[in-house]
Amino acid sequence: MIRRVVFTGVLSLAILLALAPYLWPQPALRQSLTELGSTLLAYATLVAFLAFLEAHLRRIGLRGEGWPYSLLIVLSALAVLLLAVGEGWLRGSGLAGPWMMWIYQHGVLSLEASLGALLPFFMILALWRRLRTRPSVEVLMFTAGVLSVLILRSGGTSLPNLFGPLSYAVIDPLITGGVRGILLGVALGVVILMLRIVLGLDRPMGR
Amino acid sequence: MRSCPVCGALCPEEAQTCTRCGADLGDVPREMEGTVCAICGYRNPPEAVFCEQCGARKEGEVGLEEAAGAPPEPGMPEWLREVQDLFLESPPVFPETVWEERLRLEALPAEERGLEEGALPSSPEVPIPPFEGVEPEATPPEWGAPPSPPEAEIELAVPPWVPLETEAPSLPELPPFPEVAELGETSPVAEALFPGEEAPRPAIPPFTIFPPEEEAGPPPPMEASSPVRDEMEVLPPPWPEGEELPEWWKALGLTEVPLAPGSTEEAPAQIPPRLVEGIPEEVTAAPPTTPPFQLQEALPSPPPEEVPPLTDLEAVLAEMPEWLQILRPVAEEGGEAPAEALPSLQPVMVEERGPLAGLVDVLPRHPRLVEVQGPPARLRAERIPELQTRAEAWRSLLAQGLTFLIGERAAEPAPAGLAQAVERWLLFALILGALILGLYWPLPFFRPDLLTPPVAFVAALDEAPSGGLALVAVEYGPDRAAELDGFLQGVLQRLSGRGVRALTVSLTPWGAAQAASVVLARPDYGQSVAHLGYVPGHEVAVARLLSQSLRRFSTDYAGRPMQDLPIAQDFGEEPLAARVSLVVLITSSPDALRGWLQQAWGILPPEVPVIAAMSAGAMPYAAPYQESGQLRAVATGLRDALLLEGEVLEGSPAFFDLQAQALLQALAVALIGVGLGAGLFTVRRKEG
Chain R
2 MIRRVVFTGV
12 LSLAILLALA
22 PYLWPQPALR
32 QSLTELGSTL
42 LAYATLVAFL
52 AFLEAHLRRI
62 GLRGEGWPYS
72 LLIVLSALAV
82 LLLAVGEGWL
92 RGSGLAGPWM
102 MWIYQHGVLS
112 LEASLGALLP
122 FFMILALWRR
132 LRTRPSVEVL
142 MFTAGVLSVL
152 ILRSGGTSLP
162 NLFGPLSYAV
172 IDPLITGGVR
182 GILLGVALGV
192 VILMLRIVLG
202 LDRPMGR
Chain S
221 MRSCPVCGAL
231 CPEEAQTCTR
241 CGADLGDVPR
251 EMEGTVCAIC
261 GYRNPPEAVF
271 CEQCGARKEG
281 EVGLEEAAGA
291 PPEPGMPEWL
301 REVQDLFLES
311 PPVFPETVWE
321 ERLRLEALPA
331 EERGLEEGAL
341 PSSPEVPIPP
351 FEGVEPEATP
361 PEWGAPPSPP
371 EAEIELAVPP
381 WVPLETEAPS
391 LPELPPFPEV
401 AELGETSPVA
411 EALFPGEEAP
421 RPAIPPFTIF
431 PPEEEAGPPP
441 PMEASSPVRD
451 EMEVLPPPWP
461 EGEELPEWWK
471 ALGLTEVPLA
481 PGSTEEAPAQ
491 IPPRLVEGIP
501 EEVTAAPPTT
511 PPFQLQEALP
521 SPPPEEVPPL
531 TDLEAVLAEM
541 PEWLQILRPV
551 AEEGGEAPAE
561 ALPSLQPVMV
571 EERGPLAGLV
581 DVLPRHPRLV
591 EVQGPPARLR
601 AERIPELQTR
611 AEAWRSLLAQ
621 GLTFLIGERA
631 AEPAPAGLAQ
641 AVERWLLFAL
651 ILGALILGLY
661 WPLPFFRPDL
671 LTPPVAFVAA
681 LDEAPSGGLA
691 LVAVEYGPDR
701 AAELDGFLQG
711 VLQRLSGRGV
721 RALTVSLTPW
731 GAAQAASVVL
741 ARPDYGQSVA
751 HLGYVPGHEV
761 AVARLLSQSL
771 RRFSTDYAGR
781 PMQDLPIAQD
791 FGEEPLAARV
801 SLVVLITSSP
811 DALRGWLQQA
821 WGILPPEVPV
831 IAAMSAGAMP
841 YAAPYQESGQ
851 LRAVATGLRD
861 ALLLEGEVLE
871 GSPAFFDLQA
881 QALLQALAVA
891 LIGVGLGAGL
901 FTVRRKEG
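These protein sequence lines map, in sequence, to chains R and S.
Take the first sequence: its letters are residues 2 to 208, numbered as in the numbering used here.
Take the second sequence: its letters are residues 221 to 908, numbered as in the numbering used here.
The structure is reproduced here in structure tokens:
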């Protein structure tokens, strides 16, 4: 009980302290709080990397399902890490060193580009097969969406000029209204969640 | 499936971490310390009295805590504390000792037991010493038993509608009402407990329970005491007369012979005066509205002047003291909470344990109370669908290669028919043909003069003052490089051409690497462009970056000191937000766009324009910010990126790129039409 009250109280104080620079402008306090948050997130990233390594090493040790992938991932991660650290130590350039940039340009970028180039093939195949099934409301809505995007974004043709007024009159308000509703919902949810945490109604750490 | 040792959630067998709380499932020892909460499944330390997750009181901890001399809850009224001391949730330690003592006596031979019986003081005449702060009941509490009358009200009366039998012990059979038994002037149980008085053991339950009304259909809540009657049927032989009382019994200051478990008639004789004095007057004096049974020849209750008056504060706290709030059950975490634990405005709560067993809505739930003790929320990191899709695609591709390398057999996909294979390859050939056709042959339907450049976006770039500072945020990875690299190159080229210095930065490591692949290769790097690299902290880093002084940017992404770069010669102690005159966001993620806009709002001066270059798929998410004025201009897709440099000349690489894109879009539109037609034709043919 006492521990729960202490945790909730500390969390509420932290939230109120983070809100204070916005209600009462204090650049130094705001700067220090953002520095603290960024530092914590950086350490969290480090912890996440260690947890990632530990999980895959355990799978390798237990010969679990897909352990070769874990082995490949661990070796890749450690190789890149050692390379970056070594290059930073020797050349002082770290991630932007010539070895690392070579890996990025000729490894990561090429593979990602090839993977992205395959997407149109699979998407059009999936669209084709979906359309050949029994037509339904979902299929019609999906088709209308794809058609509107394709027609309105067909640069170099007369289609956008023909359907431009329709887009401004119907599609744009729908898209803008829908996205705005999503954003407002997210903002309200965040505000309510913070209020509940501040008031002790929710315990995000489960304590 | 296996359950998480921390939160109790069911997780797959192969899971390494809990899907709910993220706890590590791999290092779970077989024997873990602590006890599992019966409400939420959380594993608490052994010394914990309350669950650390839901706050529910652990079973059996009340008596132990009280026995250990734990301090009472602060602010609890005195009389309420005494009542709490008397009505424990679990039996205290010494009643179990009584029961063990009885079992030991039963196991002894009759002669040996007779010796001990002879030593037992048989004594109704022995005066009852004053109670010394010890529990009055020497038997395990039977919560289903009827409430015991006071000491002076031992003799029970039979209601007028019950046929009276004066010699109950001699009855060979049960009375007409199984629940009703009449008593003589003395309790047959009290007589049967001592064989020296030669009272035969009655064939009926030694206590009487009268239903409140004869025509009542369902059994009253007191029917829940059936286990008590069962226990009475297997009642061990009574305490031998003359047998010596145990030492612990004498240590308590009691000289009464302890009763068998379940016999409650003699229990009131052990009620300490402190209880009678401590209970408020309203409780002792006020008769129940529907008494379960009536008293006959009852002696007057203790004088009211002995009862301490109830203060206003106690009266208020008695409605819902804090320790009772803790005892209330709480809902299980998340959506797995049982329905009965969820808030209900008008619940019907039947007390199942304790002295209030059988009563309904004694402590009605207050909706606010349920809300306070609702399920705890958890902050979880949502998976980014784009990254998830990429990871799964990589795994799928790797699986095909690694199975050959390591000899692991992958699951064979279902064999596709010939028609499906032909269909698939035909579609792929069409796409490939359209791509090649659009990239190398000028087509008559494509007219570059119909292309409209992003006028507002270009105008915002041109509004940046010469010699000013622009901040370019690169928030995309290599998967979107083909689409958005054109924006980065075009923006930097246009800014540097007008003498505007640009600082590139990213909140993601891959964004920083992607920007480095473009920025570091520029010949004017260090003169008009510098790459600050990765800034950790996600959205939080936006405020940190903008409010950081320029002099604190010590090195660039390549590790070179910023003081050595010509672009940073006039960097002083002023924050970046005070010097920047334009912010350009190049991103494919709606979350990155939202984070930048929301976090930069209030730090950037209002006159500093923020513009965004986004992938075509994320365009709808920029529309609300553009209408609200937070975004001055938006440019989307490959077309706008290619048009940043101005008019597209026929035969230029940009011309063919745009033509190929337009041709693929036309192909997709055509396939949609053909697919819908084929689907409708197939359906009609099947129906016909």
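Beta carbons: idealized from backbone N, C-alpha and C, even for Gly.
None of these values were measured; they are calculated from a predicted model.
Any Cβ of chain S closer than 8 angstroms to the Cβ of LEU91/R would place that residue at the interface, and such an atom is absent. In the three-state scheme derived from DSSP, where H, G and I count as helix and E and B as strand, PRO840/S is classed as helix. Residue pairing by DSSP puts LEU805/S in a beta bridge opposite ALA693/S, ALA832/S. SER737/S is bridged by DSSP to nothing; it lacks a bridge partner. Look at HIS57/R here: in three-state DSSP terms it is helix. At a cut-off of 8 angstroms between beta carbons, GLU139/R makes no contact with chain S.
For ARG5/R, the enclosing alpha helix (DSSP H) has its first and last residue at 3-24. Contact residues of the region 110-126 of chain R toward chain S are LEU110, GLU113, ALA114, LEU116, GLY117, PRO121, PHE122, ILE125, LEU126 (C-beta to C-beta distance below 7 angstroms). The beta-carbon of GLU847/S is placed less than 8 angstroms from the nearest beta-carbon of chain R. Rounded to whole angstroms, LEU110/R and ALA56/R show a C-alpha spacing of 27 angstroms. For a Cβ distance threshold of 9 angstroms, residue set ALA888, VAL889, ILE892 of chain S lies close to VAL147/R, ordered along the chain.
The straight-line gap separating the alpha-carbon atoms of ALA853/S and ALA693/S is approximately 15 angstroms. When Cβ-Cβ separations below 8 angstroms define contact, ALA21/R makes no contact with chain S. Against chain R, the beta carbon of LEU864/S has no neighbour under 9 angstroms; the closest one sits roughly 13 angstroms away. Boundaries of the alpha helix (DSSP H) harbouring THR902/S: 873-907, taken from the DSSP string.
The alpha-carbon of GLY38/R is positioned some 25 angstroms away from that of ALA778/S.
For GLY95/R, the closest C-alpha among the options ALA690/S, MET834/S, ALA733/S is that of ALA733/S.
The C-alpha of ARG222/S lies about 22 angstroms from the C-alpha of GLU272/S. Residue pairing by DSSP places CYS231/S opposite ARG222/S in a beta bridge.
Sixteen is the threshold: when 16 or more other Cβ atoms of the shown chains lie within 10 Å of the Cβ of HIS751/S, as they do, the residue is buried. The region 674-691 of chain S makes contact with the region 851-870 of chain S; the number of CB pairs closer than 8 angstroms reaches 3 or more. Under the three-state reduction of DSSP output, SER115/R falls in the helix class. In the DSSP assignment, VAL762/S falls within the unbroken alpha helix (DSSP H) covering 760-766.
Among the residues of the region 636-661 of chain S, those with a Cβ less than 8 angstroms away from any Cβ of chain R are GLU643, ARG644, LEU647, PHE648, ILE651, in the order of the chain. Contact annotation for SER94/R against chain S: ALA778, GLY779 [CB-CB distance below 7 angstroms, chain order].
Bridge partners of THR856/S according to DSSP: MET834/S.
DSSP places THR672/S outside both helix and strand once states are collapsed to three, so it counts as coil. Interface with chain R (8 angstroms Cβ-Cβ cutoff): PRO844/S is included. Residue range 749-754 is occupied by the beta strand (DSSP E) that includes GLY753/S. A check of alpha carbon separations from PRO810/S across TYR841/S, ASP877/S, PRO664/S identifies TYR841/S as the nearest. For SER769/S, there is no enclosing beta strand (DSSP E), since its DSSP letter is neither H nor E. Closer than 8 angstroms to the CB of LEU884/S there is at least one CB belonging to chain R. Under the Cβ distance rule, VAL804/S does not count among the residues neighbouring chain R, no pair being separated by less than 8 angstroms. Neighbourhood of PRO28/R in chain S, by CB distance below 7 angstroms: SER767, in chain order.
Between the alpha carbons of ALA722/S and LEU802/S lies a distance of about 9 angstroms.
Contact check for ASP699/S against VAL738/S fails: the beta carbons are separated by 8 angstroms or more.
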